[in-house]
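Enquirer: Following this message is one structure expressed as structure tokens.
In this note's numbering, the protein residues as written are 38 to 469.
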């Protein structure tokens, strides 16, 4: 639309490439784990491909108007995946998901047009806006920062904007939960970096403490609530709130530490890089956890941890993948989750000193609920009800094996991502 300076404009940098790769990896795995879906199969698969397109469109768009279109249209396929192929309360969960995320995107709409009208000449070109930073520092920039934090924090999600997530995960089909947790939530983290940090750098420096506060509360809240969960899907959903808290905290540490100068720079860059690595790691781990939870529900009709017991005796492959996924999520050294969280810890210590012990404390809570779940579900005496429990089908083993391999590869050789992420992060933070 030449008269409005709206253009079909795509491009990629290190942040986009990692998240597009994650999207391209998880979509076929989500389809593979849905091998036993028999309801409206063509439409089911079409929704996944539609969603993959819109998500990649968000990550690759360099025109704000185009970004906004992909952002909003992406709600449609996930809504239908939950509403049509979900559980007993699917309509409630789908409407709640749609209303929360749609209404929360209204501040994004306002911010997009604020960037347009403040730029001279008026443009939706994200590269030009990042280069010129048209929104003046002060009240306007700070207000835009808070509005965008609401929009992206709801999608991420962070406390207290997370309440749509557990219901959506519990009711979504297994493949839908894989994409929702593995990729869709990462749109929020991507937006925080691309908009709040790159387009509003002065506001990011002024309001880093708000990102840090939201991150710390999300980390603690998510971990504590997990301890009280019995449904495996709800447990993984609340653990996502906790893990996404590391993203906002890592971003805050990077912004503050690097802008403060002195000896904080290198640690701050690692914290910022760790936030991005955490998005990637959580995408892999949460996908595996939801595959395990979904397969469990399909095979025995329950996801309640208290109903299980000794399933390793009857379903060793299932028990193995469950245990490895739990260990990756709690941050066992050698697996991908450890690298992400340790990087954020280094950045938080460089920026905020002893405050790092707050997120470190959550590792104890995380270990508590995962070890309890493993002890109760996998080990111990076999519950007589599961004497005939079937093990994983080969179509379930294949995607879980791919993800387990990724846990090890990126956990043992994290430099594959961290090296170029650190270089990119230093360039971004250097512009603050």
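Every residue, glycine too, gets a C-beta built ideally from N, C-alpha and C.
Can you give me the C-alpha to C-alpha distance between residue 300 and residue 467, rounded to a whole angstrom?
Expert: Here residue 300 refers to the residue found at position 263 when the chain shown is read from its first residue. Here residue 467 refers to the residue found at position 430 when the chain shown is read from its first residue. Any answer about residue 300 is weak, because its pLDDT of 47 lies below 50 and its placement is not dependable; what the coordinates show is given next. Their Cα atoms are separated by approximately 14 Å.
Enquirer: What is the DSSP secondary structure of residue 299, reduced to helix, strand or coil?
Expert: Here residue 299 is taken as the residue at index 262 of the chain shown, counted from 1. With a pLDDT of 49 at residue 299, under the threshold of 50, the modelled position of that residue is not reliable, and no figure is offered here.
Enquirer: Assuming residue 287 and residue 312 form a contact by the criterion Cβ under 8 Å, report the distance between their Cβ atoms to the nearest whole angstrom.
Expert: Walking along the chain shown from the start, residue 287 turns up at place 250. Walking along the chain shown from the start, residue 312 turns up at place 275. That pair is a contact at about 3 Å.
Enquirer: By the DSSP assignment, the alpha helix (DSSP H) with residue 179 in it spans what residues?
Expert: As a first step, residue 179 is located in the chain shown; it is residue number 142 there, counting from the start. Unbroken alpha helix (DSSP H) run through residue 179: 176–192.
Enquirer: Please name the residue, chosen from 258, 138, 249, 237, that lies closest to residue 179 on a Cα-to-Cα basis.
Expert: Along the chain shown, one-based indexing puts residue 179 at 142. For residue 179, the nearest C-alpha among the options comes from 237.
Enquirer: Please name the residue, chosen from 289, 250, 280, 279, that lies closest to residue 230 on a Cα-to-Cα basis.
Expert: In the chain shown, counting from the first residue as 1, residue 230 sits at position 193. Nearest C-alpha to residue 230: 289.
Enquirer: Taking the continuous alpha helix (DSSP H) assigned at residue 243, which residues delimit it?
Expert: Locating residue 243 in the chain shown gives position 206, counting from the first residue. It spans 238–243 - the alpha helix (DSSP H) in which residue 243 sits, taken as one unbroken run.
Enquirer: Which residues mark the beginning and the end of the alpha helix (DSSP H) in which residue 141 is found?
Expert: Here the question's residue 141 lines up with position 104 in the chain shown. Here the alpha helix (DSSP H) through residue 141 covers 127–141.
Enquirer: Hey, how far is the Cα of residue 283 from the Cα of residue 253?
Expert: Along the chain shown, one-based indexing puts residue 283 at 246. Along the chain shown, one-based indexing puts residue 253 at 216. Cα-Cα distance, rounded: 8 Å.
Enquirer: Does the Cβ-Cβ distance between residue 376 and residue 451 come in under 7 Å?
Expert: Counted from its first residue, the chain shown places residue 376 at position 339. Counted from its first residue, the chain shown places residue 451 at position 414. Going by C-beta atoms, residue 376 is nearer than 7 Å to residue 451.
Enquirer: What first and last residue would you give for the alpha helix (DSSP H) that runs through residue 437?
Expert: Counting from 1 along the chain shown, the entry for residue 437 is found at position 400. Run containing residue 437: 431–449, per the alpha helix (DSSP H) assignment.
Enquirer: Does the beta-carbon of residue 104 have 16 or more other beta-carbons within 10 angstroms, so that it is buried, or is it exposed?
Expert: Residue mapping note: residue 104 aligns to position 67 of the chain shown, counting from 1. Label assigned to residue 104: buried.
Enquirer: List in chain order: all unbroken alpha helix (DSSP H) runs of 4+ residues lying wholly within the segment 288–375.
Expert: The qualifying runs are 302–337, 353–367.
Enquirer: For residue 462, which beta-bridge partners are listed by DSSP?
Expert: As a first step, residue 462 is located in the chain shown; it is residue number 425 there, counting from the start. None; residue 462 has no bridge partner.
Enquirer: Nearest by alpha-carbon distance to residue 270: which of 173, 306, 213 is it?
Expert: On the chain shown, position 233 is the one that residue 270 refers to. Closest by alpha carbon: 213.
Enquirer: Kindly indicate which three-state DSSP category residue 46 falls into: helix, strand or coil?
Expert: For the purposes of this step, residue 46 is taken as the residue at position 9 of the chain shown. The answer is coil: DSSP assigns residue 46 none of H, G, I, E or B.
Enquirer: Helix, strand or coil for residue 98, going by three-state DSSP, please let me know.
Expert: Along the chain shown, one-based indexing puts residue 98 at 61. The answer is strand: DSSP assigns residue 98 an E or B state.
Enquirer: Alpha carbon to alpha carbon, how far is residue 79 from residue 86?
Expert: Numbered from 1 along the chain shown, position 42 holds the residue referred to as residue 79. Numbered from 1 along the chain shown, position 49 holds the residue referred to as residue 86. Between residue 79 and residue 86, the C-alpha separation is close to 11 Å.
Enquirer: Assign residue 157 to one of two classes, buried (16 or more other C-beta atoms within 10 Å of its C-beta) or exposed (fewer than that).
Expert: The sequence position of residue 157 within the chain shown is 120, counting from 1. Exposed.
Enquirer: Which first and last residues belong to the alpha helix (DSSP H) in which residue 399 is found?
Expert: Against the chain shown, residue 399 aligns to sequence position 362. Residue 399 -> alpha helix (DSSP H) spans 394–414.
Enquirer: DSSP three-state label for residue 456, please.
Expert: Here residue 456 refers to the residue found at position 419 when the chain shown is read from its first residue. Residue 456 falls in the helix class under three-state DSSP.
Enquirer: With DSSP run on the structure shown, which of helix, strand or coil describes residue 73?
Expert: As a first step, residue 73 must be located in the chain shown, where it is residue number 36. The answer is coil: DSSP assigns residue 73 none of H, G, I, E or B.
Enquirer: Would you be able to state if there are at least three C-beta pairs under 8 Å between the segment 366–374 and the segment 249–268?
Expert: Taking 8 Å as the limit for Cβ pairs, the verdict is that the segment 366–374 does not touch the segment 249–268.
Enquirer: For residue 268, which three-state DSSP category applies?
Expert: Within the chain shown, residue 268 is the residue found at index 231, counting from 1. Residue state, collapsed to three classes: strand.
Enquirer: Which of the three DSSP states is assigned to residue 428 in this structure?
Expert: One-based indexing of the chain shown puts residue 428 at position 391. Note: residue 428 maps to coil in three-state DSSP.
Enquirer: Throw me the rounded Cβ distance for the residue 347 and residue 420 pair, which I believe falls under 8 Å.
Expert: Locating residue 347 in the chain shown gives position 310, where the first residue counts as 1. Locating residue 420 in the chain shown gives position 383, where the first residue counts as 1. Yes, residue 347 and residue 420 are in contact; Cβ-Cβ is about 6 Å, under 8 Å.
Enquirer: Residues in its own chain within less than 6 Å of residue 48 by CB, not counting five upstream and five downstream?
Expert: Start at 1 with the first residue of the chain shown, and residue 48 comes out as number 11. The answer, listed in chain order, is 99.
Enquirer: Whose C-alpha, out of 276, 173, 195, is nearest the C-alpha of residue 241?
Expert: Against the chain shown, residue 241 aligns to sequence position 204. Residue 241 has its Cα closest to that of 173, out of 276, 173, 195.
Enquirer: Which ranges does the alpha helix (DSSP H) cover as unbroken runs of at least 4 residues, wholly within the segment 198–230, from first to last along the chain?
Expert: You should have 201–208, 211–216, 223–228.
Enquirer: Would you mind stating whether residue 223 and residue 56 have Cβ atoms separated by less than 7 Å?
Expert: Position 186 of the chain shown, counting from 1, holds the residue named residue 223. Position 19 of the chain shown, counting from 1, holds the residue named residue 56. Yes; because the gap between Cβ atoms is below 7 Å, this pair is in contact.
Enquirer: So, residue 161 versus residue 97, is the Cβ gap smaller than 7 Å?
Expert: Your numbering for residue 161 matches position 124 in the chain shown. Your numbering for residue 97 matches position 60 in the chain shown. Against a cut-off of 7 Å, the Cβ pair of residue 97 and residue 161 comes out as no contact.
Enquirer: Specify whether the segment 411–419 and the segment 390–402 touch according to this definition: at least 3 beta carbon pairs, one from each stretch, less than 8 Å apart.
Expert: The answer is no - the segment 390–402 does not touch the segment 411–419, with fewer than three Cβ pairs under 8 Å.
Enquirer: Less than 8 Å between the CB atoms is what I'm expecting for residue 72 and residue 432, so what's the real figure, rounded?
Expert: By one-based count along the chain shown, residue 72 stands at place 35. By one-based count along the chain shown, residue 432 stands at place 395. Indeed, because the Cβ distance is near 4 Å, the residues count as touching under 8 Å.
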